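Colleague: Keeping their order, the protein sequence lines are chains A and B.
One gets this note's numbering by counting positions in the first sequence from 1 and adding 6 to each.
One gets this note's numbering by counting positions in the second sequence from 1 and adding 15 to each.
Ideal Cβ positions, reconstructed from N, Cα and C, are used throughout, including at glycine.
What you are looking at is a predicted structure, and each value in this text was computed from that prediction instead of being measured.
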Amino acid sequence: DTAVSQTPKYLVTQMGNDKSIKCEQNLGHDTMYWYKQDSKKFLKIMFSYNNKELIINETVPNRFSPKSPDKAHLNLHINSLELGDSAVYFCASSQGDRGNSPLHFGNGTRLTVT
Amino acid sequence: GNSVTQMEGPVTLSEEAFLTINCTYTATGYPSLFWYVQYPGEGLQLLLKATKADDKGSNKGFEATYRKETTSFHLEKGSVQVSDSAVYFCALSPYTGGFKTIFGAGTRLFVKA
């Protein structure tokens, strides 16, 4: 049973389009995240939600909008896609805000914008 | 601010060689330290962690010791296998406000048979 699952696994689209990525976790965690991994494998946090409340919103363009309908789901909608948005997007979850709680990652969504 | 620096890769080793991947950190207070591993086409998985000074995390033959005096958390394995080929990430999470885990740049390891 997959702990953190995200769909789709691959997303190929053209500039200017709008797309969504969905994420679900069945670990009972109260915190969920979106990370972006670039072509050099560098990981950068984008958003974090705790109990459906936005906790972290890094310097991400307004074209990116996360939505958390409940603690188990965190979706990412991207408007007006640009070439620079091409990356692998990872959803993750953890329990609480204590630093000793590790992150659990999904397998990623590879977004390619042409 | 908090930061993590790990050695650049790629690291290429022969099977059964000794592995060290260096990681140093900058943080206020007492962060938790982690090593994550990413296999091709997959998400990151927790490899090991240590939550206080002098703690040793270990898993699957990998070890790392939380050294506060040198602000380091180096990853070691005595005998690597081809299946260990992956990208390894050192990470830091503040004691409170742990929502913001910070990752190092990752070190790619290739193990040759």
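1) Grab me the residues of S26/A's own chain with a C-beta within less than 8 angstroms of its C-beta, minus the 5 sequence neighbours each way, in chain order.
2) Using a Cβ cut-off of 7 angstroms, pull out every chain A residue sitting near F114/B, in sequence order please.
3) To the nearest angstrom, how far is it from the Cα of V66/A to the Cα of N57/A?
4) Given that I51/A touches chain B, what residues does it touch there, using C-beta distances under 9 angstroms?
5) Output, in chain order, the set of chain A residues within a Cβ distance shorter than 7 angstroms of G76/B.
6) Have a look at F77/B and S71/A and give me their C-alpha separation to the nearest angstrom.
7) The beta strand (DSSP E) with P75/A in it runs from where to where?
8) For the stretch 37–65 of chain B, list the beta strand (DSSP E) runs that are entirely contained and at least 3 residues long, ordered along the chain.
9) Sort out for me which residues DSSP pairs T37/A with in a bridge.
10) Return yes when the C-beta of G93/B is under 7 angstroms from any heavy atom of the ligand MN, and no when it is not.
11) Might you give, ordered along the chain, the residues of its own chain that have their beta carbon closer than 8 angstroms to the beta carbon of V28/B, omitting 5 neighbours on each side?
12) In chain B, which residues lie with their C-beta within 9 angstroms of the C-beta of K73/A?
13) According to DSSP, Y95/A sits in a beta bridge with which residue or residues?
14) Between the stretch 86–99 of chain A and the stretch 81–88 of chain B, can you find at least three pairs of beta-carbon atoms closer than 8 angstroms?
15) Among N74/B, E30/B, T41/B, which one has its Cα closest to the Cα of F118/B?
16) Could you check the C-alpha separation between L62/B and A120/B for me, to the nearest Å?
Modeller: Taking the coordinates as given:
1) Here residue 26/A refers to the residue found at position 20 of the first sequence. The residues are N81, L82, H83, I84.
2) On the second sequence, residue 114/B is found 99 positions in, with the first residue counted as 1. Neighbours of F114/B on chain A, chain order: T37, S54, N56, I61, I62, D103.
3) Residue numbering aside, residue 66/A sits at position 60 when the first sequence is read from its first letter. Residue numbering aside, residue 57/A sits at position 51 when the first sequence is read from its first letter. Distance between the alpha carbons of V66/A and N57/A: 21 angstroms.
4) Along the first sequence, one-based indexing puts residue 51/A at 45. Those are F114, K115, T116, I117, F118, listed as they occur along chain B.
5) Taking the second sequence and counting its residues from 1, the one referred to as residue 76/B is at position 61. Neighbours of G76/B on chain A: none; closest Cβ ~19 angstroms, over 7 angstroms.
6) Counted from its first residue, the second sequence places residue 77/B at position 62. Counted from its first residue, the first sequence places residue 71/A at position 65. Taking the straight line from one Cα to the other gives about 39 angstroms.
7) Numbered from its first residue, the first sequence carries residue 75/A at position 69. First-last of the beta strand (DSSP E) with P75/A: 70–76.
8) 38–41, 47–53, 59–65
9) Here residue 37/A refers to the residue found at position 31 of the first sequence. Answer by DSSP bridge pairing, in chain order: N56/A, S100/A.
10) Absence of the ligand MN is noted for the structure shown, with no ligands found whatsoever.
11) Within the second sequence, residue 28/B is the residue found at index 13, counting from 1. Per the sequence shown, residue 28/B should be read as Leu rather than Val. Cβ neighbours of L28/B beyond the five flanking positions: L34, V95, L124, F125, V126, K127.
12) Here residue 73/A refers to the residue found at position 67 when the first sequence is read from its first residue. Those within 9 angstroms of K73/A in chain B number zero; the least Cβ separation is about 18 angstroms.
13) Along the first sequence, read from residue 1 onward, the residue named residue 95/A stands at position 89. DSSP lists K42/A, T115/A as partners of Y95/A.
14) no
15) In the second sequence, the residue the question calls residue 118/B occupies position 103. Answer by Cα proximity: T41/B.
16) Your numbering for residue 62/B matches position 47 in the second sequence. Your numbering for residue 120/B matches position 105 in the second sequence. Distance between the alpha carbons of L62/B and A120/B: 16 angstroms.
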